[in-house]
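There are 2 protein chains.
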Amino acid sequence: MTATARRPGGRAARIRAQVLTAARALLVERGYDALTVDTVAERSGVHRATVYRRWRDVGGLLADVLASALDDDWRPRDTGTLAGDLTALNEEVRAALVEDPPLTMALIAASFRSAPAATALGRFWEDRYARCGVVVDRAVARGEVPAGTDARRLLIAATAPVYHRLVLLRQPDDPGLPGDAARATALAAAAGAFDGPAPAAAERPVGER
Amino acid sequence: MTATARRPGGRAARIRAQVLTAARALLVERGYDALTVDTVAERSGVHRATVYRRWRDVGGLLADVLASALDDDWRPRDTGTLAGDLTALNEEVRAALVEDPPLTMALIAASFRSAPAATALGRFWEDRYARCGVVVDRAVARGEVPAGTDARRLLIAATAPVYHRLVLLRQPDDPGLPGDAARATALAAAAGAFDGPAPAAAERPVGER
Numbered sequence: 001m002t003a004t005a006r007r008p009g010g011r012a013a014r015i016r017a018q019v020l021t022a023a024r025a026l027l028v029e030r031g032y033d034a035l036t037v038d039t040v041a042e043r044s045g046v047h048r049a050t051v052y053r054r055w056r057d058v059g060g061l062l063a064d065v066l067a068s069a070l071d072d073d074w075r076p077r078d079t080g081t082l083a084g085d086l087t088a089l090n091e092e093v094r095a096a097l098v099e100d101p102p103l104t105m106a107l108i109a110a111s112f113r114s115a116p117a118a119t120a121l122g123r124f125w126e127d128r129y130a131r132c133g134v135v136v137d138r139a140v141a142r143g144e145v146p147a148g149t150d151a152r153r154l155l156i157a158a159t160a161p162v163y164h165r166l167v168l169l170r171q172p173d174d175p176g177l178p179g180d181a182a183r184a185t186a187l188a189a190a191a192g193a194f195d196g197p198a199p200a201a202a203e204r205p206v207g208e209r
Numbered sequence: 001m002t003a004t005a006r007r008p009g010g011r012a013a014r015i016r017a018q019v020l021t022a023a024r025a026l027l028v029e030r031g032y033d034a035l036t037v038d039t040v041a042e043r044s045g046v047h048r049a050t051v052y053r054r055w056r057d058v059g060g061l062l063a064d065v066l067a068s069a070l071d072d073d074w075r076p077r078d079t080g081t082l083a084g085d086l087t088a089l090n091e092e093v094r095a096a097l098v099e100d101p102p103l104t105m106a107l108i109a110a111s112f113r114s115a116p117a118a119t120a121l122g123r124f125w126e127d128r129y130a131r132c133g134v135v136v137d138r139a140v141a142r143g144e145v146p147a148g149t150d151a152r153r154l155l156i157a158a159t160a161p162v163y164h165r166l167v168l169l170r171q172p173d174d175p176g177l178p179g180d181a182a183r184a185t186a187l188a189a190a191a192g193a194f195d196g197p198a199p200a201a202a203e204r205p206v207g208e209r
């Protein structure tokens, strides 16, 4: 282990911050096609050889931009109800998707160009869903949803409509979106829609009653 | 109006079919970056000048690929229950997203590069959601969901988790996905989650009970 690796606040961390800041800025300003190790090195003021050695290519840079987003102590809000917690979560999803500069949208777009970026983005979301497990634990403790409720399925159902509308359908932003999807999911959860892990596919023919 | 425009089965239609087939093939085989008016003209055997005149650029070609997908008499299946109808719909969404060659995924990826493709893709989905309104009408008629149920919100809630998992989270394909999302949404709808148009945002503060 080198000295820089032992000191996270040291020179290596400073270089990483400079490089990732430059990569984010170039991505939102000029898009994926303008993002190269050379343009990032130039913008960051860090030596080309250093950037190549540590990040290798654009995929490595994008994956590290996403990995760096996990170095935080983010946790979901505790509002006192499942619908409230899911609404607060969806408000954060919406804010990320409509932010200016549009870094999240640029990273999503880049994930269609770069396999490392796609993997890192998936990892970012999985981490966020895992951290949100506590939202469902609290709802179970309050008796709002059944004890066997599958947190991941519930959380994906709550957030997916926000992503779908803003990322894929490209609807205009709508302040009502977060709450709509949150309340619908809370109702479904209370009715047992996410009770237990999903049954095997063979048990669920199309058109079952 | 020209003779070709009056005869949809005529030469203009034949040229359109050749060009769009070539555009689809190039997109799935070689990706967006390989798609140019020249490569499409060459592959289709149609004269470059004709392709430029009629489609102008890659955006025009992609928009027409998507517009052509609407020239069908697709309608949702009638299985006898809301959960069954939504499962059948989600099976079609899933099939499109995991198809090989991956045309739908390539079009989604292209929509992040081309504004006309994004607009055309949005139009395609809106058309599909509109055609699915009958699914909700039937559920209302059977008394499965309240009369004021908002079809579009319900349909987006049902399908969004399938898109989210396969397109954005890039999970491996899961045959249980369509039914899971369908049943959760049917339960939510029965509980009145999509009853009436969404209330104004101001009425729905974060954390409301």
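Chains as they are written, first to last, in UniProt numbering: chain R, 1 to 209; chain L, 1 to 209. For glycine and all other residues, C-beta sits at the position ideal for the given N, C-alpha and C.
According to the DSSP assignment, A115 (chain R) belongs to the alpha helix (DSSP H) that extends over 115-131.
F112 (chain R) reaches chain L at A109, F112, counting residues in chain order whose Cβ is nearer than 7 Å. In the same chain as P76 (chain R), and ignoring 5 residues on each side of it, the C-beta atoms closer than 8 Å to its own belong to D85, A88, L89, R131, C132, V134, V135, in chain order. Distance from the CA of A181 (chain R) to the CA of H47 (chain L), rounded to the nearest whole angstrom, comes to 49 Å.
In the structure shown, T149 (chain R) falls within a strand segment according to DSSP collapsed to helix, strand and coil. Annotation: the continuous alpha helix (DSSP H) that includes W55 (chain L) extends over 48-55. At a cut-off of 9 Å between beta-carbon atoms, D38 (chain R) makes no contact with chain L. With 16 or more other CB atoms across the displayed protein chains lying within 10 angstroms of its CB, A193 (chain R) is buried.
Each residue's CA atom was taken as its position, placing R142 (chain L) and I156 (chain L) some 21 Å apart. Taking a contact as a CB-CB distance under 8 Å, the pair L177 (chain R) and R94 (chain R) counts as one, their CB atoms being some 6 Å apart.
With fewer than 16 neighbouring CB atoms inside 10 Å of its own CB, W74 (chain L) falls in the exposed class. Proximity of V167 (chain L) to chain R, defined by a Cβ-Cβ separation below 9 Å, is satisfied.
For the options L:R56, L:A151, L:R53, L:D38, the alpha carbon positioned closest to that of G196 (chain L) is the one of L:A151.
The straight-line gap separating the alpha-carbon atoms of G59 (chain L) and Y129 (chain L) is approximately 24 Å. L70 (chain R) sits close to F124 (chain R), with the two beta carbons spaced by under 9 Å. With fewer than 16 other CB atoms across the displayed protein chains lying within 10 angstroms of its CB, A17 (chain R) is exposed. In the structure shown, D195 (chain R) adopts extended strand secondary structure according to DSSP, grouped into three states. Here V40 (chain L) is near L61 (chain L), since their CB atoms are less than 9 Å apart. Under the Cβ distance rule, R183 (chain R) counts among the residues neighbouring chain L, one pair being separated by less than 9 Å. Judged by DSSP in its simplified three-state form, E42 (chain L) adopts helix. Around L154 (chain L), the same chain offers V136, T185, A189, F194 as residues with beta carbons nearer than 7 Å, after the five sequence neighbours per side are excluded. Secondary structure of D174 (chain R) (DSSP, three-state): coil. For P161 (chain L), the chain R residues whose Cβ falls inside 7 Å of its Cβ are I156, A157, A160, in order along the chain. For E29 (chain R), the uninterrupted alpha helix (DSSP H) run begins and ends at 11-30, by DSSP. Per DSSP, reduced to three states, the secondary structure at D64 (chain R) is helical. For T21 (chain R) and G45 (chain L), the gap between their C-alpha atoms comes out near 47 Å. R11 (chain L) has its alpha-carbon roughly 42 Å from the corresponding atom of Y163 (chain R). The DSSP-derived three-state label of A69 (chain R) is coil.
Buried is the label assigned to A118 (chain L), since at least 16 other Cβ atoms lie within 10 Å of its Cβ. When rounded, the separation of the alpha-carbon atoms in V167 (chain R) and E99 (chain L) is 21 Å. In the displayed model, P102 (chain R) falls within coil according to three-state DSSP, outside both helix and strand.
Nearest in C-alpha terms to L121 (chain R), of all of L:P161, L:D78, L:L169, L:A115, is L:L169.
With respect to the 9 Å criterion, Y32 (chain L) and A106 (chain L) are classified as neighbours on the basis of their beta carbons. Excluding five sequence positions before and after D64 (chain R), the CB atoms of its chain that fall closer than 7 Å to its own CB belong to L20, W55, given in chain order.
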